[in-house]
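Here's the structure we're looking at; comments come further down.
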Amino acid sequence: MAPPGRRRHGLSPAAVLFGLVFFFTHTASAASAVLGIDIGTEYIKAALVKPGIPLEIVLTKDSKRKEVSAVAFKPSKSGPLPAGEFPERFYGSDAVALAARFPGEVYPNIKQLLGVSSGGDAVQVYTSRYPALKTEGLEDRKTVALKSGVFAESEKPFSVEELLAMELKNVKDNAKALAGKGVEITDVVFTVPPFYTVEERRALEVAAQLAGFKVLSMVSDGLAVGLNYATSRTFPNVNDGGKPEVNLVFDMGAGSASATVLRFQGRTVKDVGKRNKTVQEVQVLGTGWDRTLGGDALNQLIVDNMVAEFTEDAIVASLGITAEKVKTHGRTAAKLWKEAEKVRQVLSANTGTGAYFESFFDDKNFNYKIKRSTFEELAAGHAARVEGPIKRALEAAGLTLADIDSLIVHGGASRTPFVQQRLEALVGKAKIKANVNSDEAAVFGAAFKAADLSPSFRVKEIRDTDLQGYNHGIQYMFNMKDRDQKIFTPATKIGATKDLPFQMMGEFEFTIYQSTPNAKGDVVKDPVLHFASGNLTRAVTKLIDTDGCDRDSFNNYVQVRLSPVTGTPEVLSAWVTCETEEAKPGIVDGVKNFFGMGDKKDQEPLKEGESASESTSSSSSSSSKSTKASKSSSSSSATAEASEDAKAGPKKKTVTSAITFTVSQKGYEKHPRKEFKRMQDRLADFDASDKARRTREEILNSLEAFTYKSRDYLEDESFITSSTAAIRTSLEEKLSAASDWIYSDGPNANLDTLKSKLKELEDIVKPVLKRKQESIDRPEAIKAFEANLADVKTAIDMIKTQIAEQNVQLSKSAESASKASASSTEAPPPSASADILDDLEEDEMLKASSSETAATNEPTEVPIIYTEEDLKSTEEAHEKASKWLEEKQAAQTKLKQHEDPALTTKDLQAETEKLNTIIMQMMMKKARYYNAPKPQKAKPKASKPKAKKPSSKKDKTSSKKDAKGEKPAKEPTQAELEEALAKAGIKADGIKLQNMGDRKEVRDKDGKLLTQLELEEGATEEDIKAAIEKATREGREALEREKGGKGRTGDRDEL
């Protein structure tokens, strides 16, 4: 049973359903892209995952695969900026390039200061490397901040979280450019060193929140490399007796070195339903690290060697220049660190290199040379420390080097020759994996983890477990004594929970601490969380008074967890329990038992495979068997039970009640809401200032480009013909003034001034360019308009023809109607037959004949496609458009080229659109008629012939009918046939008319059966087309059936 948490109001099913719908629709739309970010000391790398872009590295603005971890503020020439104004920011290599000029405004490698105390050793090391930077403590906080000289003295310093948030926002903008428009990126997974403390993890989370990110998880560098390694591999299944693969990841970057022991294996687990599936597992078994062994430490060796050689020069020494003065000079220190990094990288591939400094210090030049052997002598002590993290990781995992299958190397500093030599000597060259990307494996692993945690993606199922690396404990007071209890060890998995037991009757509190070693190696217990109960006393009192709990049975529990997101400890819930006597069953319970609603143990569920009938029958049989013995044994059993209850005493039950509590962060405390909002607002103002600056620069560039282009216009012949001499003179004067202004006052002008300057020139040039373009486009536009006029004329002729055909059909329909009315008034002649049956038959035949005649003479409905109103409106539109064009062309002819046109292409396009609308309306009317379903003609109901006796009278009558019968239908002529085929869109070449008589089957000269078209008299061209298509379709279907039948017969024969 899960422990109770804080009380919450119940939600209605409708509210829950609405929340689920909102959640899934929101995540499906907003979480379409995720990021994995590897924050290194020197570089930041990011990888994007979105539909269509799987695991793609986010490039910087200069198309590099990693960004230097630095941000810089460019000082203003006029001095400190007033409140509300912000300087220009630079990132990455652009920021580092400013270090030589503005060393106090470039902030590199700030990851080292995340979450550390302002008086800590890390701050002293940082300021010694970057002496121009000013560090100070934040107000009401223990963490460090950096003061910028660009702003006024009243401006608050920038916290490390703010500066890192700027770099993360820059990464976010680059990722948006890669993802495309309309994609919002908020979800992110960070890689962190395994030695990151609670304070550092909290500070990173704050920086991410300031940058607009939602942290899905923080994974250790080694685990991220392992995840990337596992994405393309399948490991032995431990359920089948497979041996797991154990690898060691050695990561040495700019700031530190770490080792992580990983176990890779497959496992069969339960899937949905009764199915099983195999998943891959990556488990961290142990970690070790050296926080100061990295590329920066090696660079420091080169910097010290440079300064030593420079100060050993006799001339320099005579000037009183000491090593301390050189190292504490901001610009000189920036030059030293920049060149030291280059020297170290070159020495990794060469045996020697050097660097030249012009005006290195106090106008003294300096030429520096070093060999790889010299560098390795300087780094001998650092080389001996390479094995330390590996040994500590193996010790934490309880393994030896013999248990390691391979060594995976990651990090830029790991490519240093003496580091590789140490690793080869330690594990052997054969065990070192060379097929893992040593630069990008961690960021790819973080991106994979982000995709796995996001509901928008489905990836390979890899289950990972990480460790937090430190001991955690609680300190509290009980019975007037201080108690110290360990709750988590370095081997505790992130996400693990633990119930902490207490025996408190009243309010209590405790502090969770993290044990971390300081610079001297001593273990320090740093408080990270404080817990205080809220209503324990009231809850205990209520349990005693209401439930009758025993005072000696009370226990308290607090559930804590290592957060699966950040790996920091957190309190989930708290509750109190006690024991009380279980109430005896009363009269109501007896009634319930009598009606079968008693104790649950008497209502056991059916066993698997047992039906209800079996259960009933078995119970009935057993009850029938026991009926006889029940009477005799009832008294004895009752006595036995009573004696057992008396011996056992009253039954006990446990009562649980949740308690309220408060939790506060210690060490790195949570920012007050007001302070967090202030940092957010300052970053937003910085972003707005950058956007306005970019817009201003774009306008300034547009103004400068426009002046150059306008000078070219002054020499263009077509521009000259489309303008007057006065306009060109005015333009030339304004261009000269604008050019001078751009290079004098332009760089410092505000956005509105730049816009007004550009508009002043555009107001002169654009009308001339418009006239020039009109003279080029007008002839083609007129041609298009005249073509539309011709189309309207064609439509008018079509309407006239259609109306004439409608009138002819209307007259024919009226004539048919008159004939039908006349025939209906004529009475059939009386029959002179002597046979009554014959008279009846003749009457029926006459009725059928009269009905057929009436059907033949029935007037047909004439469709009205166009009316006289349609013809009139179309003719008026054509006449109006023709007149308009004639008037506009006459007016345009009178104008000169430098005058504004009377007939513009825009007007022509508008009038052309009107004509197109008219044509489309007329065409749609006809299309609606032809696409409408044809009404089915009602066929006359034939009377059922009756059986009758043969009669001579009948023969005479029938012979008379044959003699006086109807005339056969008139056959069409060859010319009429060709005309009908032409209307139907069929070529009449080779088609000849031939009278085949009244034969039902007609064959050609080869004896093939021909298809007869079923056409009625007066069939239209649409009827002919439909009949031809029907006959063709039926013929194809018959042919396919014939072929299919033959194929099936053949198949049966083969079988």
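Counted the way mature numbering (1 follows the signal peptide of the UniProt record, and there is no 0) counts, the sequence shown spans residues -30 to -1, 1 to 1025.
Cβ atoms here follow ideal geometry from the backbone N, Cα and C, with glycine treated the same way.
- Message: Let me confirm a value: G491 is counted as buried when at least 16 other C-beta atoms fall within 10 Å, else exposed. Which label applies?
- Response: Position 521 of the sequence shown, counting from 1, holds the residue named residue 491. The residue in question, G491, is exposed, as its Cβ has fewer than 16 Cβ neighbours within 10 Å.
- Message: Our contact map puts S408 next to G381 with C-beta atoms below 8 Å; I'd like the distance itself, whole angstroms only.
- Response: Counting from one through the sequence shown, the residue named residue 408 turns up at place 438. Counting from one through the sequence shown, the residue named residue 381 turns up at place 411. About 7 Å separates the two Cβ atoms, so the contact holds.
- Sequence ranges, alpha helix (DSSP H) only - wholly within the stretch 16 to 96, length at least 4: 63 to 67
- Message: On a Cα-Cα basis, can you pick out the residue from G89, L134, G54 and E137 that is closest to S124?
- Response: Residue numbering aside, residue 124 sits at position 154 when the sequence shown is read from its first letter. Minimum Cα distance to S124 is reached at G54.
- Query: Can you check whether the CB of T550 is closer than 8 Å to the CB of C519?
  - Reply: In the sequence shown, the residue the question calls residue 519 occupies position 549. In the sequence shown, the residue the question calls residue 550 occupies position 580. Yes, the Cβ-Cβ distance between C519 and T550 is below 8 Å.
- Task: Would you list, in sequence order, the uninterrupted alpha helix (DSSP H) runs of no fewer than 4 residues that lie entirely inside the stretch 207 to 268?
- Result: Counting only runs of 4 or more, we get nothing.
- Mind checking whether V189 and V535 have CB atoms under 8 Å apart? On the sequence shown, position 219 is the one that residue 189 refers to. On the sequence shown, position 565 is the one that residue 535 refers to. For V189 and V535, no; Cβs fall outside 8 Å.
- Message: Just to confirm my understanding: we take K403, look at its own chain, exclude 5 residues before and 5 after, and list those with CB closer than 6 Å. What are they?
- Response: Numbered from 1 along the sequence shown, position 433 holds the residue referred to as residue 403. Closer than 6 Å at the Cβ level, and outside the excluded window around K403, lie S376 and I378.
- Query: How would you write the range of the alpha helix (DSSP H) that I697 sits in, first residue to last?
  - Reply: Counting from one through the sequence shown, the residue named residue 697 turns up at place 727. A695 to S714 is the span of the alpha helix (DSSP H), which, as asked, contains I697.
- Item | Closer than 7 Å: Q776 CB and nearest the ligand SAM heavy atom | As presented, the structure is devoid of all ligands, the ligand SAM included, so that no description of it is given.
- Can you say whether V493 is buried or exposed, counting buried as having 16 or more other CB atoms within 10 angstroms of its CB? For the purposes of this step, residue 493 is identified with residue 523 of the sequence shown, where counting begins at 1. Answer is exposed; the Cβ neighbour count stays below 16.
- For the candidate residues A757, R233 and Y527, whose alpha-carbon lies nearest to that of T257? Against the sequence shown, residue 257 aligns to sequence position 287. Checked all of A757, R233 and Y527; the closest Cα to T257 is R233.
- Going by CA-CA distance only, name the one from I888, A70 and K866 that's closest to K850. What you label residue 850 is simply residue 880 of the sequence shown in a count that begins at 1. Of the listed residues, the one whose Cα sits closest to K850 is I888.
- Message: I'd like the list of long-range same chain contacts for D1021, defined as Cβ closer than 7 Å, with 5 residues on each side in sequence excluded.
- Response: As a first step, residue 1021 must be located in the sequence shown, where it is residue number 1051. Here D1021 scores only 41 on pLDDT, less than 50, and its place in the model is too uncertain to base an answer on.
- Could you pull the start and end residues of the beta strand (DSSP E) that N671 belongs to? Here residue 671 corresponds to residue number 701 of the sequence shown, with the count starting at 1. Unbroken run through N671 is the alpha helix (DSSP H), R643 to Y683; no beta strand (DSSP E).
- Query: In angstroms, rounded to a whole number, what distance separates the CA positions of T547 and P163?
  - Reply: Numbered from its first residue, the sequence shown carries residue 547 at position 577. Numbered from its first residue, the sequence shown carries residue 163 at position 193. About 41 Å.
- Task: Sort G212, R261 and M222 by Cα distance to V95 and report the nearest one.
- Result: Taking the sequence shown and counting its residues from 1, the one referred to as residue 95 is at position 125. Of the listed residues, the one whose Cα sits closest to V95 is R261.
- Message: Please report the distance separating the alpha-carbon of D686 from that of S745.
- Response: Here residue 686 refers to the residue found at position 716 of the sequence shown. Here residue 745 refers to the residue found at position 775 of the sequence shown. The straight-line gap from Cα to Cα measures roughly 15 Å.
- Q529 by DSSP, collapsed to three states: which one? Looking up residue 529 in the sequence shown gives position 559. If DSSP states are grouped into helix, strand and coil, Q529 belongs with the strands.
- Query: Can you tell which of V242, K247 and A310 has its C-alpha closest to the C-alpha of Q270?
  - Reply: Here the question's residue 270 lines up with position 300 in the sequence shown. Of V242, K247 and A310, the residue nearest in Cα terms is A310.
- Item | First and last residue of the uninterrupted alpha helix (DSSP H) at residue 1050 | Summary: the structure shown does not reach residue 1050, with the chain confined to residues -30 through 1025, and so no result is reported for it.
- Taking the alpha-carbon positions, what's the T292 to S187 distance? By one-based count along the sequence shown, residue 292 stands at place 322. By one-based count along the sequence shown, residue 187 stands at place 217. T292 and S187 have their C-alpha atoms some 48 Å from each other.
- Message: I'd like to check one pair, E12 with G85: are the Cβ atoms closer than 8 Å?
- Response: To locate residue 85, count along the sequence shown from 1; it is residue 115. To locate residue 12, count along the sequence shown from 1; it is residue 42. Not a contact, by the Cβ cut-off of 8 Å.
- Would you please state the rounded distance, in angstroms, between the beta carbons of V195 and A16? I believe it to be under 8 Å. Along the sequence shown, one-based indexing puts residue 195 at 225. Along the sequence shown, one-based indexing puts residue 16 at 46. Contact flag wrong, Cβ pair sits at about 16 Å.
- Buried versus exposed, by CB contacts within 10 Å (16 or more), N337: Reading the sequence shown from its first residue, position 367 is the one you call residue 337. The residue in question, N337, is exposed, as its Cβ has fewer than 16 Cβ neighbours within 10 Å.
- Message: Mapping the DSSP letters down to three states, classify S922 as helix, strand or coil.
- Response: Here residue 922 is taken as the residue at index 952 of the sequence shown, counted from 1. Low per-residue confidence applies at S922: pLDDT is 46, beneath 50, and the placement is therefore not dependable enough to give any value.
- Task: Take P101 as the anchor and find which of Q529, H299 and V273 has the nearest alpha-carbon.
- Result: Within the sequence shown, the letter at position 131 stands for residue 101. When each option's Cα is compared against that of P101, the closest is H299.
- Task: Give the secondary structure of F183 by DSSP, where H, G and I count as helix, E and B as strand, and everything else as coil.
- Result: Numbered from 1 along the sequence shown, position 213 holds the residue referred to as residue 183. In the displayed model, F183 falls within coil according to three-state DSSP, outside both helix and strand.
- Task: Would you mind working out which of R664, A765, A67 and S672 sits nearest M894, comparing C-alpha positions?
- Result: The sequence position of residue 894 within the sequence shown is 924, counting from 1. If we check each option's Cα against that of M894, A765 comes out closest.
- Task: Compare the Cα-Cα distances from L193 to each of K419, I444, I27 and L369 and report the closest residue.
- Result: Here residue 193 refers to the residue found at position 223 of the sequence shown. When only C-alpha atoms are compared, the closest one is K419.
- Query: Roughly how many angstroms separate the alpha carbons of E552 and R453, rounded to a whole number?
  - Reply: Your numbering for residue 552 matches position 582 in the sequence shown. Your numbering for residue 453 matches position 483 in the sequence shown. Near 35 Å, if we compare the C-alpha coordinates of R453 and E552.
- Query: Name the DSSP beta bridge partners of A115, please?
  - Reply: Here the question's residue 115 lines up with position 145 in the sequence shown. Note: A115 sits in a beta bridge opposite E106 and S129.
- Is DSSP giving E1007 helix, strand or coil here? Within the sequence shown, residue 1007 is the residue found at index 1037, counting from 1. E1007: helix per DSSP, three-state reduction.
- Query: With distances taken between CB atoms, is the gap from V528 to L470 smaller than 8 Å?
  - Reply: Numbered from 1 along the sequence shown, position 558 holds the residue referred to as residue 528. Numbered from 1 along the sequence shown, position 500 holds the residue referred to as residue 470. In this structure, V528 lies near L470, with their beta-carbon atoms less than 8 Å apart.
- Query: Pairing CB atoms from the stretch 437 to 453 with CB atoms from the stretch 412 to 427, are three or more of them under 8 Å?
  - Reply: no
- Item | Spatial distance of G351 from R362 (CA atoms) | The residue given as residue 351 occupies position 381 in the sequence shown. The residue given as residue 362 occupies position 392 in the sequence shown. Each residue's Cα considered, the two are about 18 Å apart.
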